[in-house]
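A.B. asks: Dumping the structure here so I can ask a few things about it.
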Amino acid sequence: MIETLLLPFQFPFMQNAFLVSLMIAVPTALLSCFLVLKGWSLMGDAISHAVLPGVVIAYMLNIPLLIGAFCAGMICALTTGFLKDNSRIKQDTVMGIVFSGMFGFGLVLYTKIKTEVHLDHILFGNMLGVGPGDLWTAGVISLGVAAVLILKWKDLLLHAFDPAQAKAAGLPVGVLHYGLLAILSLTIVATLKAVGIILAIGLLIAPGAIAFLVTKRFERMLVVAVAVTIMAMLTGIYLSFFLDSAPAPTIILILTLTFVIAFTLNTWRARAVGPASDAP
């Protein structure tokens, strides 16, 4: 019985999957808290979809795919900001147009080239196919992103809540704004191999949303988001071995169920506290 339970840890490809999940869990969880508070969830969705043409063009030019993905993500973010500032169209509409256009462009390019890279692996990831190079890439990016977010979380928090106050306090608002966009693009690049383009958005929204329901203090929110993400990552990979399912969708499903549980408990708690708070 014990040998069966420990079986997933005996295979090198499963060990790599567990390792890369721990690497990307921290930066995605931390970043999700800022995206949820700032209302940038759709921005994460837009950039995650928009990296596809960058990946395809990088393959055509025979350069690292991660460079193409990062450049495409930044082009999406900068284009969205430019269109928002120079038109009467709202930001969510602009993002929808930009990311759908770039995603469609990427699909058209993909159909015109011959490649051994399967589209499913780009869209949904291939966590069980992670190699040493992927581990190094994810580890370096994750360490850098996590370090910046932890060191600058107070500045980023003020910028998320009140950019005008942040500017009045002397903070470099422009650097924080575009720095956060760059961090978002880098994080998506780090998760590209493991969970792919489409499922990356789940890691960038669900942990922060769950933590937001659980606690009202931002410091605790960061800790809860990281803990929930690590739990979902390890549990999802472990269960996928016995369910014969893909690890990344299983992880996202666990995060979704966790959000439903947190939302339900939060609603019950609000209803229980409500009548008591109204009593004289």
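Count along the sequence shown from 1, add 34, and you get the number used in the numbering used here.
C-beta: ideal position from N, C-alpha, C; glycine also.
Computed from a prediction, not measured in an experiment: that's the story for all the values here.
DSSP three-state label for T269, please.
C.D. replies: Looking at T269 - three-state DSSP - the assignment turns out to be helix.
A.B. asks: Under DSSP, the alpha helix (DSSP H) around G140 begins and ends at which residues?
C.D. replies: Here the alpha helix (DSSP H) through G140 covers 125–145.
A.B. asks: Return the first residue and the last residue of the alpha helix (DSSP H) that H155 is part of.
C.D. replies: 153–158 is the extent of the alpha helix (DSSP H) around H155.
A.B. asks: Output yes or no for whether 8 Å exceeds the beta carbon distance between S176 and A224.
C.D. replies: Cβ atoms of S176 and A224: closer than 8 Å.
A.B. asks: Applying the criterion that 16 or more other CB atoms from any shown protein chain within 10 Å of the CB defines a buried residue, is R181 buried or exposed?
C.D. replies: Residue identity check: residue 181 is Ala in the sequence provided, not Arg. By the 10 Å Cβ count, A181 comes out exposed.
A.B. asks: What do you reckon, are the CB atoms on I81 and G107 nearer than 8 Å?
C.D. replies: Taking 8 Å as the Cβ cut-off, I81 and G107 qualify as a contacting pair.
A.B. asks: Enumerate in chain order the residues of its own chain whose CB-to-CB distance from S311 is below 6 Å, with the five nearest sequence positions on each side excluded.
C.D. replies: Model confidence at S311 stands at a pLDDT of 46, short of 50, so the residue's coordinates are unreliable and nothing is read from them.
A.B. asks: Considering only C-alpha positions, which residue in the set G230, L65, F43 is nearest to L238?
C.D. replies: Among G230, L65, F43, the Cα nearest to that of L238 belongs to L65.
A.B. asks: Can you tell which of K118, T114, L41, A194 has its C-alpha closest to the C-alpha of L134?
C.D. replies: The sequence given here places Ser at residue 134; Leu does not occur at that position. Checked all of K118, T114, L41, A194; the closest Cα to S134 is T114.
A.B. asks: Compute the Euclidean distance between the alpha carbons of L117 and N96, then round it to the nearest angstrom.
C.D. replies: Spanning the two alpha carbons is a distance of roughly 31 Å.
A.B. asks: Helix, strand or coil: which one does DSSP assign to L165?
C.D. replies: Before going further, note that residue 165 is Gly rather than Leu in the sequence given. Three-state DSSP puts G165 in coil, outside helix and strand.
A.B. asks: Excluding the 5 residues flanking L205 on each side, which residues of the same chain have their C-beta closer than 6 Å to its C-beta?
C.D. replies: If we look at L205 and ignore the five residues flanking it on each side, its Cβ neighbours are D189.
A.B. asks: Hey, out of E253, A240, F47, G236, whose CA is closest to L185's CA?
C.D. replies: For the residues E253, A240, F47, G236, the minimum Cα distance to L185 belongs to E253.
A.B. asks: Once DSSP output is grouped into helix, strand and coil, what is the label at A280?
C.D. replies: A280 falls in the coil class under three-state DSSP.
A.B. asks: Assign G102 to one of three DSSP states: helix, strand, or coil.
C.D. replies: In the structure shown, G102 sits in a helix (DSSP, three-state: H, G or I).
A.B. asks: Count the other CB atoms within 10 Å of the CB of V294; is the residue buried (16 or more) or exposed (fewer)?
C.D. replies: V294 is exposed by the Cβ-count criterion.
A.B. asks: Decide yes or no for the touch test of the region 46–53 against the region 161–168: beta carbon pairs closer than 8 Å, at least 3 of them.
C.D. replies: Output reads yes: the region 161–168 touches the region 46–53.
A.B. asks: Apart from the five residues on each side of it in sequence, which residues of its chain come closer than 7 Å, Cβ to Cβ, to A296?
C.D. replies: Once the five neighbours on either side are set aside, the close Cβ partners of A296 are I244, L247, V248.
A.B. asks: By Cβ distance below 7 Å, which residues in the same chain neighbour L76 in space, the five residues on each side in sequence not counted?
C.D. replies: Correct list, in chain order: D126, M129.
A.B. asks: In angstroms, rounded to a whole number, what distance separates the CA positions of L183 and P61?
C.D. replies: Looking at the two C-alpha atoms, the distance is approximately 8 Å.
A.B. asks: Report the start-end ranges of each alpha helix (DSSP H) in the region 73–119 that is 4 residues or longer and not cut off at the edges.
C.D. replies: 75–95, 99–119, all fully within the region 73–119.
A.B. asks: Look at the alpha carbon of A172 and the alpha carbon of Q44, and state the distance between them as a whole number of angstroms.
C.D. replies: Cα-Cα distance, rounded: 22 Å.
A.B. asks: Could you tell me the alpha carbon to alpha carbon distance between Q199 and T145, rounded to whole angstroms?
C.D. replies: Approximately 48 Å between the Cα atoms of the pair.
A.B. asks: In terms of residue numbering, what span does the alpha helix (DSSP H) encompassing K227 cover?
C.D. replies: Note, K227: alpha helix (DSSP H), 207–248.
A.B. asks: Here's a check: name, in chain order, each residue in its chain whose Cβ is nearer than 8 Å to the Cβ of V132, leaving out the five neighbours to either side.
C.D. replies: A80, A84, C110, T113, T114, L117.
A.B. asks: What residue range is occupied by the uninterrupted alpha helix (DSSP H) comprising D189?
C.D. replies: 187–195 is the extent of the alpha helix (DSSP H) around D189.
A.B. asks: Count the CB pairs spanning the region 226–242 and the region 275–291 that are closer than 8 Å, and state whether there are at least three.
C.D. replies: In short, these stretches touch, since the Cβ pair count reaches three.
A.B. asks: Suppose you measure from the CA of V179 to the CA of K124; what does that come to, to the nearest Å?
C.D. replies: Looking at the two C-alpha atoms, the distance is approximately 29 Å.
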